[in-house]
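Peer 1: I am attaching a structure below and will ask some questions about it afterwards.
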Amino acid sequence: MAKKTYALPNITTPATPVIFNPEICNGCNHCVEVCQVDVYIPNPEKGKPPVILHPDECWYCGCCVNDCPRPGSIAFNWPVQQRAYWKDKATGKVLRDSQ
Amino acid sequence: MTRWHDFIEKDGRPPAWPYPIHYDKEQEIDTDVLIIGGGIAGCWAAISAARKGVRVTLVEKGDTVRSGAGGPGCDHWCNAPANPLSNVDPDEWAQHMTEPPYSNGIGTQIQCREDWDTLLEMEQMGGKIRDTKDEYVGAKGRDEKTKLMISPRYTKVHSYIPGMQKPVTLKSNPEGKLNNVVIRVWGSTFKPVLKRECKRLGVKIFDRVMVTSLLTEKGVQGARVIGATGFNNRTGEFMVFKSKAAVLATAGDWSLFLMNTELAGYNFFRSRTTTGDGAAMAWRAGAALTVMERNGVLMLGTGFKHTWYGGAGDASYENVPIVDANGKRLPWPTQGWEDAGAMRPTPENMEKIIKGIQSGEYALPFYGDFPGMPEVERRATWKLMLGEESTTRNITESYEKGGFDPAKHLLQNYSFIEGNSPAQWRTAGGGGPVVDWDLKSTLDGLYVAGEQTFSAGDHSYAAATGRYAGRKAADYSQQVGKAEISKDQVTLEKARIYAPVRRTEGIDWKELHAGIARAMQYFCSEYKTEHLLKMGLDALKEIEEVFVPRLYALDPHKLMRGIEDLSLLAHGQAIINASLARKASSRMLNFLRIDYPKVDPPDWHKFVTVQMENNKVKVGEMPLDYWGDMKANYEARNKDYAGVYQGK
Numbered sequence: 001m002a003k004k005t006y007a008l009p010n011i012t013t014p015a016t017p018v019i020f021n022p023e024i025c026n027g028c029n030h031c032v033e034v035c036q037v038d039v040y041i042p043n044p045e046k047g048k049p050p051v052i053l054h055p056d057e058c059w060y061c062g063c064c065v066n067d068c069p070r071p072g073s074i075a076f077n078w079p080v081q082q083r084a085y086w087k088d089k090a091t092g093k094v095l096r097d098s099q
Numbered sequence: 001m002t003r004w005h006d007f008i009e010k011d012g013r014p015p016a017w018p019y020p021i022h023y024d025k026e027q028e029i030d031t032d033v034l035i036i037g038g039g040i041a042g043c044w045a046a047i048s049a050a051r052k053g054v055r056v057t058l059v060e061k062g063d064t065v066r067s068g069a070g071g072p073g074c075d076h077w078c079n080a081p082a083n084p085l086s087n088v089d090p091d092e093w094a095q096h097m098t099e100p101p102y103s104n105g106i107g108t109q110i111q112c113r114e115d116w117d118t119l120l121e122m123e124q125m126g127g128k129i130r131d132t133k134d135e136y137v138g139a140k141g142r143d144e145k146t147k148l149m150i151s152p153r154y155t156k157v158h159s160y161i162p163g164m165q166k167p168v169t170l171k172s173n174p175e176g177k178l179n180n181v182v183i184r185v186w187g188s189t190f191k192p193v194l195k196r197e198c199k200r201l202g203v204k205i206f207d208r209v210m211v212t213s214l215l216t217e218k219g220v221q222g223a224r225v226i227g228a229t230g231f232n233n234r235t236g237e238f239m240v241f242k243s244k245a246a247v248l249a250t251a252g253d254w255s256l257f258l259m260n261t262e263l264a265g266y267n268f269f270r271s272r273t274t275t276g277d278g279a280a281m282a283w284r285a286g287a288a289l290t291v292m293e294r295n296g297v298l299m300l301g302t303g304f305k306h307t308w309y310g311g312a313g314d315a316s317y318e319n320v321p322i323v324d325a326n327g328k329r330l331p332w333p334t335q336g337w338e339d340a341g342a343m344r345p346t347p348e349n350m351e352k353i354i355k356g357i358q359s360g361e362y363a364l365p366f367y368g369d370f371p372g373m374p375e376v377e378r379r380a381t382w383k384l385m386l387g388e389e390s391t392t393r394n395i396t397e398s399y400e401k402g403g404f405d406p407a408k409h410l411l412q413n414y415s416f417i418e419g420n421s422p423a424q425w426r427t428a429g430g431g432g433p434v435v436d437w438d439l440k441s442t443l444d445g446l447y448v449a450g451e452q453t454f455s456a457g458d459h460s461y462a463a464a465t466g467r468y469a470g471r472k473a474a475d476y477s478q479q480v481g482k483a484e485i486s487k488d489q490v491t492l493e494k495a496r497i498y499a500p501v502r503r504t505e506g507i508d509w510k511e512l513h514a515g516i517a518r519a520m521q522y523f524c525s526e527y528k529t530e531h532l533l534k535m536g537l538d539a540l541k542e543i544e545e546v547f548v549p550r551l552y553a554l555d556p557h558k559l560m561r562g563i564e565d566l567s568l569l570a571h572g573q574a575i576i577n578a579s580l581a582r583k584a585s586s587r588m589l590n591f592l593r594i595d596y597p598k599v600d601p602p603d604w605h606k607f608v609t610v611q612m613e614n615n616k617v618k619v620g621e622m623p624l625d626y627w628g629d630m631k632a633n634y635e636a637r638n639k640d641y642a643g644v645y646q647g648k
């Protein structure tokens with residue numbers, strides 16, 4: 001348990017409207033520009049994925065994901081309470097978006 | 001490291017603000033036509049003004065490439081009765097669309113006449129409007145010759161209001177034929193090409209700048225509009241725009257009545273940027289506003305319920321049959337071909353469904369039966385309609401990634417199990433400046449387009465009225481001279497804007513927004529009386545005098561959100577004043593006065609207007625058809641209309 005524990009306030013919920021893949025994302029910041037509400041700011045370290053600064057302002061329009069020039073860099077991540085349910089018509093089994 | 005608290009844990013401090021801070025800098029921009037708001041209406045206004053050869057400046061709070069309600073996309077182009085497949089006469093259709101009281105006959109006439117030309121210009125610029133790749137051969141509504149795809153929406157019935165749904169019969173519509181006025185489009189391609197065309201035409205674009213006020217001649221309320229002020233929401237730099245004509249192309253106000261402090265951006269159907277800034281700045285400048293007393297009901301998208309479009313049938317899922325948990329079909333319309341566009345069950349069917357739930361006849365939850373649809377219709381709904389609609393591509397794509405297959409799976413519907421919204425969750429129902437046949441407001445130099453023209457916020461309406469207002473504003477700008485900006489007006493505005501960043505502590509924008517929203521819920525919602533409404537004005541006044549002076553902002557972004565709250569506050573004041581002025585109830589306005597319970601009495605069949613004169617509220621009225629003969633007046637004002645753009 002070497003990790004230092006800071007006194008932080010509760011984290012804004014939900015905090016991660018998207019999940020970046022730092023292996024694919026090259027920090028081009030296109031998503032920072034297309035976002036209507038400035039959910040993101042550029043990462044202080046060049047070439048790294050942006051920082052999610054205002055996740056509470058996300059309206060889930062999807063432009064950051066849709067317009068990403070390097071597919072796979074950024075994935076949508078619905079808040080738990082917004083995950084969808086569906087049902088297999090043949091088997092009747094109820095399924096959920098549990099990515 | 002993509003969350004800010006990751007930086008605390010790694011570096012012991014948050015990241016620095018990534019943009020230079022310039023609260024002390026000021027930029028002055030001189031232009032002929034100033035466009036306020038870079039959404040669909042604003043981009044079209046900028047393009048049509050620039051095509052008239054004048055200097056155009058466009059100012060947008062986000063980035064024009066995807067900003068506005070129509071920024072992410074659009075799947076259907078409404079009210080295009082002049083399209084080659086239409087079975088109705090555009091003027092008759094415009095008349096029909098204006099039948100419901102308190103709609104905007106001027107904007108509707110413009111839309112019905114010019115909407116098809118607008119769409120063809122969209123195609124010229126590179127937007128996709130036809131099934132050129134033959135992806136949907138065999139889909140109903142697809143025309144092989146033009147490759148246009150007619151949408152099933154509103155083909156016979158079009159109303160969201162239960163009880164108002166009736167088949168439409170028009171003289172020009174041949175018996176047995178659908179009207180064919182709505183066209184399916186690939187609207188996710190639209191916004192980037194609009195920005196590209198603005199740039200190509202030399203429009204000066206200022207992205208990430210919030211316009212905060214209109215400047216008037218000599219700084220006098222009610223005088224000619226000669227510019228605007230704004231600030232950059234990343235750097236804080238102040239901007240003064242000097243213009244000969246301005247087009248107000250801002251959105252409505254969707255969050256006045258509700259604030260969920262954790263899901264601040266997810267309160268409503270639109271992004272948090274739609275805070276009624278345009279109506280608020282027009283109000284403060286002295287323009288007459290109308291239909292301010294109308295309320296909408298916030299059914300979905302609140303963050304407290306399932307996402308709009310995220311569940312089958314909760315919004316508009318064309319042609320998807322709704323079934324119960326046992327697969328039994330419900331009498332729920334599909335907004336599709338079989339019910340000619342109906343969206344909500346009739347009151348009788350709704351009662352039947354509710355009784356059926358209680359008796360066990362219909363088992364919850366309900367589902368959208370995608371697998372039960374013909375393959376091409378299913379694909380058209382899933383890939384074209386939902387794939388191109390504003391915020392829905394991320395829904396279809398992320399559901400697919402999660403394993404959803406529309407050929408195999410029924411998508412759950414959240415009606416009933418998530419409950420109804422409280423009546424106090426409302427939208428400020430789309431009032432705005434009074435406009436004339438040039439889409440000019442009551443102030444010289446100020447034109448209005450899109451949702452701001454006390455009208456519905458549909459994409460094609462915004463496009464057609466933006467295009468129209470842009471060319472009228474350009475004409476006006478060529479007839480008038482320059483005016484001197486009042487230094488006092490600029491100084492006062494600067495003091496108002498920067499006060500929250502001068503403070504070292506206080507309340508933040510979310511708390512202020514929540515306070516304003518709660519006052520609106522208590523005093524201007526389901527139960528309206530003279531006494532409650534006056535309490536509402538007092539409550540907003542108290543917020544203005546006690547809490548606004550404590551508003552505190554950490555950075556230019558939060559400063560913008562705080563200034564948006566001040567728009568909400570002014571918007572709320574205009575709404576309550578209009579609500580006090582209408583001393584009658586009205587069904588179409590969703591406006592019920594306990595002290596004036598008579599619903600739509602004939603002597604109140606009129607528009608109520610409110611405006612500020614010497615900082616005092618002045619109430620007025622206009623006849624419901626103040627625009628006169630729609631066809632004759634449109635034609636008289638547009639003898640020089642050149643149709644589809646032929647220039648470079």
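From first to last, the protein sequence lines are chains A and B. Numbering (my numbering) for the first sequence: 1 to 99. Numbering (my numbering) for the second sequence: 1 to 648. The beta-carbon is built from N, C-alpha and C at its ideal position, and this holds for glycine as well. Since the structure is predicted, the reported quantities are computational estimates derived from the model, not experimental observations.
Quick test of your reading: G430/B and S455/B, contact by CB under 8 Å. State the CB separation rounded to the nearest angstrom.
Peer 2: Indexing the second sequence from 1 puts residue 430/B at position 430. Indexing the second sequence from 1 puts residue 455/B at position 455. Confirmed, about 6 Å.
Peer 1: Rank G37/B, W437/B, A50/B and S271/B by C-alpha distance to the C-alpha of Y645/B and give the top, closest one.
Peer 2: Numbered from 1 along the second sequence, position 645 holds the residue referred to as residue 645/B. The shortest Cα separation from Y645/B among G37/B, W437/B, A50/B and S271/B belongs to A50/B.
Peer 1: If you draw a straight line from the C-alpha of C58/A to the C-alpha of I353/B, how long is it?
Peer 2: On the first sequence, position 58 is the one that residue 58/A refers to. On the second sequence, position 353 is the one that residue 353/B refers to. Using only the alpha carbons, I get a separation of about 35 Å.
Peer 1: Relative to the C-alpha of F547/B, which candidate in G506/B, F241/B and T529/B has its C-alpha closest?
Peer 2: Position 547 of the second sequence holds residue 547/B. The residue with the shortest Cα to Cα distance from F547/B is G506/B.
Peer 1: How is Y6/A classed by DSSP in three states: helix, strand or coil?
Peer 2: Start at 1 with the first residue of the first sequence, and residue 6/A comes out as number 6. Coil.
Peer 1: For a test of the three-state rule: what should DSSP assign to K352/B, helix, strand or coil?
Peer 2: Residue 352/B sits at position 352 when you count from the first residue of the second sequence. Here K352/B sits in helix by DSSP.
Peer 1: I think Q81/A touches S271/B, with their Cβ atoms under 8 Å apart; what is that distance to the nearest whole Å?
Peer 2: Mapped onto the first sequence, residue 81/A falls at position 81. Mapped onto the second sequence, residue 271/B falls at position 271. About 19 Å; that fails the 8 Å criterion.
Peer 1: The alpha helix (DSSP H) with A280/B in it runs from where to where?
Peer 2: Working through the second sequence from its first residue, we reach residue 280/B at position 280. Run containing A280/B: D277 to A285, per the alpha helix (DSSP H) assignment.
Peer 1: Under a three-way DSSP split, which group does M97/B fall into?
Peer 2: Reading the second sequence from its first residue, position 97 is the one you call residue 97/B. Three-state result, M97/B: helix.
Peer 1: Who are the near neighbours of K583/B in its chain, counting only those whose CB is closer than 6 Å to its CB and skipping five residues on each side?
Peer 2: In the second sequence, counting from the first residue as 1, residue 583/B sits at position 583. The answer, listed in chain order, is Y596.
Peer 1: Classify S441/B as buried or exposed, calling it buried when 16 or more other Cβ atoms lie within 10 Å of its own Cβ.
Peer 2: Translated into the one-based positions of the second sequence, residue 441/B becomes position 441. Buried, since its Cβ has 16 or more Cβ neighbours within 10 Å.
Peer 1: Taking only beta-carbon atoms, is N420/B less than 7 Å away from chain A?
Peer 2: In the second sequence, the residue the question calls residue 420/B occupies position 420. It does not: the Cβ of N420/B has no partner Cβ on chain A nearer than 7 Å.
Peer 1: Report the neighbours of S73/A on chain B: residues whose CB is nearer than 9 Å to its CB, in chain order.
Peer 2: Locating residue 73/A in the first sequence gives position 73, where the first residue counts as 1. Within chain B, no residue comes near S73/A; the closest Cβ sits about 11 Å away, beyond 9 Å.
Peer 1: Going by DSSP, what residues sit across from T57/B in a beta bridge?
Peer 2: The count along the second sequence starts at 1 and reaches residue 57/B at position 57. L34/B and K204/B.
Peer 1: Which residues, in order along the stretch 380 to 403 of chain B, keep a beta-carbon less than 9 Å from a beta-carbon of chain A?
Peer 2: For the stretch 380 to 403 of chain B, which is checked against every Cβ of chain A, the residues closer than 9 Å are S390, T391, T392, R393, N394, I395, E397, S398, Y399, K401, G402 and G403.
Peer 1: Helix, strand or coil for N87/B per DSSP?
Peer 2: Residue 87/B sits at position 87 when you count from the first residue of the second sequence. Correct three-state label for N87/B: coil.
Peer 1: Express the C-alpha separation of Y136/B and A380/B in angstroms, rounding to a whole number.
Peer 2: Numbered from its first residue, the second sequence carries residue 380/B at position 380. Numbered from its first residue, the second sequence carries residue 136/B at position 136. Looking at the two C-alpha atoms, the distance is approximately 7 Å.
Peer 1: Please tell me whether N181/B and N79/B are closer than 7 Å, where the distance is taken between their beta carbons.
Peer 2: Locating residue 181/B in the second sequence gives position 181, where the first residue counts as 1. Locating residue 79/B in the second sequence gives position 79, where the first residue counts as 1. At residue 181/B the sequence reads Val, which differs from the Asn that was named. Contact flag set, yes.
Peer 1: Pick from I35/B, V65/B and T504/B: whose alpha carbon is nearest that of H30/A?
Peer 2: On the first sequence, residue 30/A is found 30 positions in, with the first residue counted as 1. With distances taken between Cα atoms, H30/A lies closest to V65/B.
Peer 1: Answer yes or no: do K147/B and T132/B have a C-beta to C-beta separation smaller than 7 Å?
Peer 2: Indexing the second sequence from 1 puts residue 147/B at position 147. Indexing the second sequence from 1 puts residue 132/B at position 132. Yes, these two residues count as a Cβ contact at 7 Å.
Peer 1: Start and end of the beta strand (DSSP E) containing V209/B?
Peer 2: As a working mapping, residue 209/B is identified with position 209 in the second sequence. Its beta strand (DSSP E) spans residues V209 to T216.
Peer 1: Quick check on the burial criterion: 16 or more other C-beta atoms within 10 angstroms. Buried or exposed for Y160/B?
Peer 2: On the second sequence, position 160 is the one that residue 160/B refers to. Caution applies to Y160/B, whose pLDDT of 46 falls short of 50 and renders its modelled position unreliable; the value that the coordinates give is listed next. Answer is exposed; the Cβ neighbour count stays below 16.
Peer 1: Along the chain, where does the beta strand (DSSP E) that runs through F242/B open and close?
Peer 2: Looking up residue 242/B in the second sequence gives position 242. Correcting the residue identity first, residue 242/B is Lys in this sequence and not Phe. Segment F238 to K242, the beta strand (DSSP E) holding K242/B.
Peer 1: Residues in its own chain within less than 6 Å of D339/B by CB, not counting five upstream and five downstream?
Peer 2: On the second sequence, residue 339/B is found 339 positions in, with the first residue counted as 1. Only P333 meet the Cβ criterion.
Peer 1: Spell out whether any CB of chain B is found under 7 Å from the CB atom of K46/A.
Peer 2: To locate residue 46/A, count along the first sequence from 1; it is residue 46. Closer than 7 Å: no.
Peer 1: Assuming P321/B and D369/B are in contact, meaning their beta carbons sit under 8 Å apart, how far apart are those beta carbons, in whole angstroms?
Peer 2: Mapped onto the second sequence, residue 321/B falls at position 321. Mapped onto the second sequence, residue 369/B falls at position 369. The pair is a contact, with the Cβ atoms about 5 Å apart (cut-off 8 Å).
Peer 1: In chain B, what lies closer than 7 Å to G62/A by C-beta?
Peer 2: Against the first sequence, residue 62/A aligns to sequence position 62. P72, T391, R393 and N394, listed in chain order.
Peer 1: Ordered along the chain, which non-local residues of its own chain (more than five positions away) have a Cβ less than 6 Å from that of E26/B?
Peer 2: On the second sequence, residue 26/B is found 26 positions in, with the first residue counted as 1. Result list for E26/B: F238, in chain order.
Peer 1: List the residues that DSSP assigns as beta-bridge partners of E613/B.
Peer 2: The residue you call residue 613/B lines up with position 613 of the second sequence. K616/B, per the DSSP bridge assignment.
Peer 1: Can you tell me where the alpha helix (DSSP H) holding Q111/B begins and where it ends?
Peer 2: Start at 1 with the first residue of the second sequence, and residue 111/B comes out as number 111. G105 to M125 is the extent of the alpha helix (DSSP H) around Q111/B.
Peer 1: Please report whether the beta-carbon of I35/B lies at a distance below 7 Å from any beta-carbon of chain A.
Peer 2: Within the second sequence, the letter at position 35 stands for residue 35/B. So, not an interface residue.
Peer 1: Buried or exposed: where does A84/A fall if 16 or more other Cβ atoms within 10 Å of its Cβ makes it buried?
Peer 2: Stepping through the first sequence from its first residue, residue 84/A is reached at position 84. Buried: at least 16 other Cβ atoms inside 10 Å.
Peer 1: Just verifying my parser: in three-state terms, what is the DSSP assignment at Q412/B?
Peer 2: As a working mapping, residue 412/B is identified with position 412 in the second sequence. DSSP places Q412/B in strand when its eight states are reduced to three.
Peer 1: Compare the C-beta of V65/B with all C-beta atoms of chain A and state if any pair is closer than 7 Å.
Peer 2: Here residue 65/B refers to the residue found at position 65 of the second sequence. V65/B counts as touching chain A.
Peer 1: Please report how far the alpha carbon of P152/B lies from the alpha carbon of G141/B, in whole angstroms.
Peer 2: To locate residue 152/B, count along the second sequence from 1; it is residue 152. To locate residue 141/B, count along the second sequence from 1; it is residue 141. Each residue's alpha carbon lies about 7 Å from the other.
Peer 1: Under 8 Å, with one C-beta from each stretch per pair, do the stretch 551 to 565 of chain B and the stretch 501 to 519 of chain B reach the 3-pair mark?
Peer 2: Touching, yes, given that three or more Cβ pairs across the two stretches are closer than 8 Å.
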